[in-house]
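Please read the structure below before turning to the comments.
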Amino acid sequence: MTYEARNLLNSSEDFNIDYSDVKLNLKLLNKYFEVNTLDEILVRRRNEFKIRAEHLQQRKEALHEREIMFKERIISYEMYIRELAMKRDRSLRRIDDEKRFIENKKIE
Numbered sequence: 004m005t006y007e008a009r010n011l012l013n014s015s016e017d018f019n020i021d022y023s024d025v026k027l028n029l030k031l032l033n034k035y036f037e038v039n040t041l042d043e044i045l046v047r048r049r050n051e052f053k054i055r056a057e058h059l060q061q062r063k064e065a066l067h068e069r070e071i072m073f074k075e076r077i078i079s080y081e082m083y084i085r086e087l088a089m090k091r092d093r094s095l096r097r098i099d100d101e102k103r104f105i106e107n108k109k110i111e
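Numbering-wise, the sequence shown is residues 4 to 111 according to our numbering.
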C-alpha cells in the first residue's frame, strides 16, 4: 500500500459525508431536470401555438377573400335584376304604347 493510500484510510475526517447537502443537491438536480423538461414543453407549446396562429391567420384571409367574392357576386346579381326590371318596364311601356296606337287607329 502506498503512502497516499494509507493517509487516505487513516484520515477519516475527510470522508465525513453531510447527507443534508447530498439531499439538497439531489433536490436541486431534480428541480434542474424538472425545469428543463418544463422548458422543453413550453417551447413545444409555443411552437404549436405559433402554428395554430398562422393557420388561423390563413383561414381568416381565405374567409375575407370569400367574403369579397360573395359581395361582388351579390352586386353583379343586383345589377342583373335591375337590368331585367328596366327591360320589363320598357317592354310594358312599348305594349302600352302599341295598345294606345291601336286604339287611336280604331277611333280614326
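We put the beta carbon where it would ideally sit given N, CA and C, even for glycine.
Just so you know, these numbers come straight off a predicted model, no measurement behind them.
Glu-51, DSSP secondary structure in three states: Against the sequence shown, residue 51 aligns to sequence position 48. Three-state DSSP puts Glu-51 in a helix.
Backbone CA spacing between Ile-78 and Ile-44 [nearest angstrom]: Stepping through the sequence shown from its first residue, residue 78 is reached at position 75. Stepping through the sequence shown from its first residue, residue 44 is reached at position 41. Rounded to whole angstroms, Ile-78 to Ile-44 spans 50 Å at the Cα level.
Collapsed DSSP secondary structure at Glu-111 in the structure displayed: Working through the sequence shown from its first residue, we reach residue 111 at position 108. In this structure, Glu-111 counts as coil in the three-state DSSP scheme.
Euclidean distance between Cα positions of Asn-39 and Ser-23: Mapped onto the sequence shown, residue 39 falls at position 36. Mapped onto the sequence shown, residue 23 falls at position 20. Roughly 24 Å between the two C-alpha positions.
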